[in-house]
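Peer 1: Chains as they are written, first to last, in our numbering: chain Y, 20 to 257; chain D, 3 to 240.
One structure is given below, represented as structure tokens, and several questions about it will come after.
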């Protein structure tokens with residue numbers, strides 16, 4: 020694994036063992052984020068770690084600005100209701116505001132649909148993301164039409180982290196959240212757009228959890244220690 | 003030279019990435035006393051009157067260390083805008099804009115070159131897709147016609163002509179060039195637009211100047227690479 024800068028040409032060993040004349044589907048090389056396929060070479064577009072787990076090759080980097088990509092879960096804030104588009108305008112931290120269809124909720128019909136106010140926090144998945152179009156999000160899972168964990172988030176606290184940190188937190192086995200969960204009960208939603216929502220029993224607890232999450236970014240290899248420090252500050256309650 | 007440097011010796015560079023907490027990307031680049039702080043916001047939604055349907059727009063604001071900004075600053079802004087409209091892969095983010103702000107912290111000559119390096123590092127910090135990392139250097143022909151690299155403010159005032167070159171990191175091609183002063187090859191302004199083999203043959207003195215700068219900028223680009231590598235290493239991707 021090496022660190023690359025934009026413009027660096029990346030050498031990808033194009034399947035040294037595929038001697039068969041018929042190209043199989045498994046021989047395909049998957050070029051991921053941060054790499055650009057030029058006619059005669061593959062170059063890096065961003066600075067970061069070049070990760071090669073054949074057939075996947077991509078650049079692991081961190082930035083603060085989110086570029087939407089299909090099927091990623093995101094946290095958005097409703098900005099306006101556009102009746103003529105039959106959709107809400109939602110801010111997801113991307114270059115363009117996203118559209119959330121009025122009926123993109125489980126069991127929504129013309130007569131019975133959730134009315135979202137300005138400032139409502141939603142947890143949704145990106146349905147359409149293309150560089151030439153405004154992104155569209157939905158609060159239902161694509162195949163089942165059920166809400167699963169998407170929908171409106173009430174109360175709680177929303178804060179921002181870098182994109183790489185959000186990806187760490189979104190891991191179902193995230194060590195920090197597991198360690199915090201052993202000490203205190205809370206709910207959290209992590210958007211791949213770098214926004215995190217936390218809700219717990221009291222404001223003090225929420226603040227402690229938020230601080231633990233933010234401080235974990237500077238001590239990634241010690242999640243249990245970070246959790247312990249912040250949970251210890253919480254224990255002496257009046 | 004007045005400060006004891008050899009003709010081709012550059013002042014020690016130093017820089018820091020991610021110095022501003024709210025910007026998408028930021029960097030401070032110093033060469034000797036000259037120091038420029040750069041912030042990048044992008045890609046963000048472009049204003050309707052300036053948006054382009056197929057690419058991103060690059061806006062630059064140059065803030066001098068002393069005094070109000072005037073036409074000289076507009077020239078620097080245009081210079082940086084045109085250099086980075088090529089370096090940033092603007093086709094990846096249509097209808098958006100990159101907002102770049104350069105604040106001169108202290109000026110002791112070679113400010114434009116320092117600013118270009120600061121903008122490159124800030125764009126890397128922001129995760130903007132770049133074709134290459136532009137590295138810039140300033141040089142001058144002093145009163146005796148000798149070539150000196152990285153002139154200080156005093157040296158620039160006494161010089162016959164001052165040239166700033168920016169190079170791409172992969173091909174070492176000149177990305178952009180700015181020349182001020184009385185220079186023996188007057189047609190250089192016209193030839194700069196098409197930097198070709200013919201140009202190199204007919205303007206040997208200019209090419210000598212460019213060659214020396216190319217070598218100097220290689221050391222600067224190696225320095226920028228170590229800066230970015232150190233930053234990426236600090237981010238533990240877990």
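Even glycine gets a Cβ: it sits at the ideal position worked out from N, Cα and C.
A quick note: this is a predicted structure, and the numbers were derived from the prediction, not measured.
With a cut-off of 8 Å on the beta carbons, I'd call residue 67 of chain Y and residue 234 of chain D a contact; round off their distance for me.
Peer 2: 6 Å
Peer 1: For chain D, check one thing: does any of its Cβ atoms lie closer than 8 Å to the Cβ of residue 65 of chain Y?
Peer 2: yes
Peer 1: By the three-class DSSP mapping on this structure, what secondary structure does residue 144 of chain D have?
Peer 2: coil
Peer 1: Please report the distance separating the alpha-carbon of residue 25 of chain Y from that of residue 82 of chain Y.
Peer 2: Looking at the two C-alpha atoms, the distance is approximately 14 Å.
Peer 1: Assuming the contact rule is C-beta atoms closer than 8 Å, residue 96 of chain D and residue 58 of chain D should be a hit. Round their C-beta distance to whole Å, please.
Peer 2: 7 Å
Peer 1: Around the Cβ of residue 159 of chain Y, are there at least 16 other Cβ atoms within 10 angstroms (buried) or fewer (exposed)?
Peer 2: Of the residues assessed, residue 159 of chain Y falls on the buried side of the cut-off, its CB having 16 or more other CB atoms within 10 angstroms.
Peer 1: Using only CA atoms, which one of D:134, D:163, D:135 and D:130 lies nearest to residue 148 of chain D?
Peer 2: Each of D:134, D:163, D:135 and D:130 was checked against the Cα of residue 148 of chain D, and the nearest Cα belongs to D:163.
Peer 1: Return the residue from the list Y:92, Y:124 and Y:119 that minimises the CA-CA distance to residue 101 of chain Y.
Peer 2: Cα-wise, what sits closest to residue 101 of chain Y is Y:119.
Peer 1: Check distances from the C-beta atoms of the stretch 203-230 of chain Y to those of chain D and list, in chain order, the residues that come in under 9 Å.
Peer 2: none
Peer 1: Going by CA-CA distance only, name the one from D:228, D:182, D:184 and D:152 that's closest to residue 7 of chain D.
Peer 2: D:152
Peer 1: Going by DSSP in three states, residue 72 of chain D sits in which element: helix, strand or coil?
Peer 2: coil
Peer 1: Counting along the chain, where does the alpha helix (DSSP H) carrying residue 251 of chain Y start and finish?
Peer 2: 242-253
Peer 1: How long is the line joining the alpha carbons of residue 68 of chain D and residue 189 of chain Y, rounded to whole angstroms?
Peer 2: About 47 Å.
Peer 1: Which residues share a DSSP beta bridge with residue 72 of chain Y?
Peer 2: Y:75
Peer 1: Does any residue of chain D have a CB that is nearer than 8 Å to the CB of residue 39 of chain Y?
Peer 2: With a pLDDT of 44 at residue 39 of chain Y, under the threshold of 50, the modelled position of this residue cannot be trusted; read the value that follows with caution. It does not: the Cβ of residue 39 of chain Y has no partner Cβ on chain D nearer than 8 Å.
Peer 1: May I have the straight-line CA-CA distance separating residue 258 of chain Y from residue 179 of chain Y, to the nearest angstrom?
Peer 2: Given that chain Y is displayed from residue 20 to residue 257, the structure contains no residue 258 of chain Y and the question cannot be resolved.
Peer 1: To which residues does DSSP link residue 61 of chain Y through a beta bridge?
Peer 2: Y:29 and Y:56.
Peer 1: Comparing the C-beta of residue 166 of chain Y with each C-beta of chain D, is any distance below 8 Å?
Peer 2: no
Peer 1: The beta strand (DSSP E) that contains residue 146 of chain Y, what's its start and end?
Peer 2: 140-147
Peer 1: Considering only their Cβ atoms, is the gap separating residue 230 of chain Y from residue 85 of chain Y smaller than 8 Å?
Peer 2: The answer is no: Cβ separation not under 8 Å.
Peer 1: Within 10 angstroms of the Cβ of residue 28 of chain Y, are there 16 or more other Cβ atoms? Answer buried if so, exposed if not.
Peer 2: exposed
Peer 1: For chain D, find out if any of its Cβ atoms is closer than 8 Å to the Cβ of residue 174 of chain Y; answer yes or no.
Peer 2: no
Peer 1: Evaluate residue 156 of chain D with the Cβ neighbour count: other Cβ atoms within 10 Å of its Cβ, from every protein chain shown; 16 or more gives buried, anything less gives exposed.
Peer 2: exposed
Peer 1: Quick check on DSSP: helix, strand or coil for residue 188 of chain D?
Peer 2: Residue confidence for residue 188 of chain D is low, a pLDDT of 47 falling below 50, so the modelled location carries little weight and cannot support an answer.
Peer 1: So that I know if they touch, is there some Cβ in chain D lying closer than 8 Å to that of residue 73 of chain Y?
Peer 2: no
Peer 1: If you check the beta carbons only, do residue 131 of chain D and residue 90 of chain D fall under 8 Å apart?
Peer 2: Result yes, Cβ atoms of residue 131 of chain D and residue 90 of chain D sit closer than 8 Å.
Peer 1: Cα separation between residue 121 of chain D and residue 105 of chain Y?
Peer 2: 42 Å
Peer 1: Going by C-alpha to C-alpha distance, which of D:134, D:116 and D:124 sits closest to residue 166 of chain D?
Peer 2: D:116
Peer 1: Can you give me the Cβ contacts of residue 2 of chain D inside the same chain, cut-off strictly under 8 Å, excluding the 5 residues immediately before and after it?
Peer 2: Residue numbering for chain D in the displayed model covers 3 to 240; residue 2 of chain D lies beyond these limits and cannot be assessed.
Peer 1: Run down chain D in chain order and give the residues with a C-beta less than 9 Å from the C-beta of residue 82 of chain Y.
Peer 2: 26, 27, 127, 128, 129 and 130
Peer 1: In whole angstroms, give me the CA-to-CA distance for residue 5 of chain D and residue 218 of chain D.
Peer 2: Distance between the alpha carbons of residue 5 of chain D and residue 218 of chain D: 18 Å.
Peer 1: Inspect the beta-carbon positions of residue 119 of chain D and residue 138 of chain D and report whether they are closer than 8 Å.
Peer 2: yes
Peer 1: For residue 62 of chain Y, which residues in the same chain have their Cβ closer than 7 Å to its Cβ, ignoring the five residues on either side in sequence?
Peer 2: 26, 27, 28, 29 and 55
Peer 1: Over the uninterrupted beta strand (DSSP E) stretch that includes residue 166 of chain D, give me the two end residues.
Peer 2: 163-169
Peer 1: Would you call residue 49 of chain Y buried or exposed, if buried means 16 or more other Cβ atoms sit within 10 Å of its Cβ?
Peer 2: Flag for residue 49 of chain Y reads exposed.
Peer 1: In the structure shown, what three-state DSSP assignment does residue 205 of chain Y receive?
Peer 2: When secondary structure is reduced to three states using DSSP, residue 205 of chain Y falls in the strand class.
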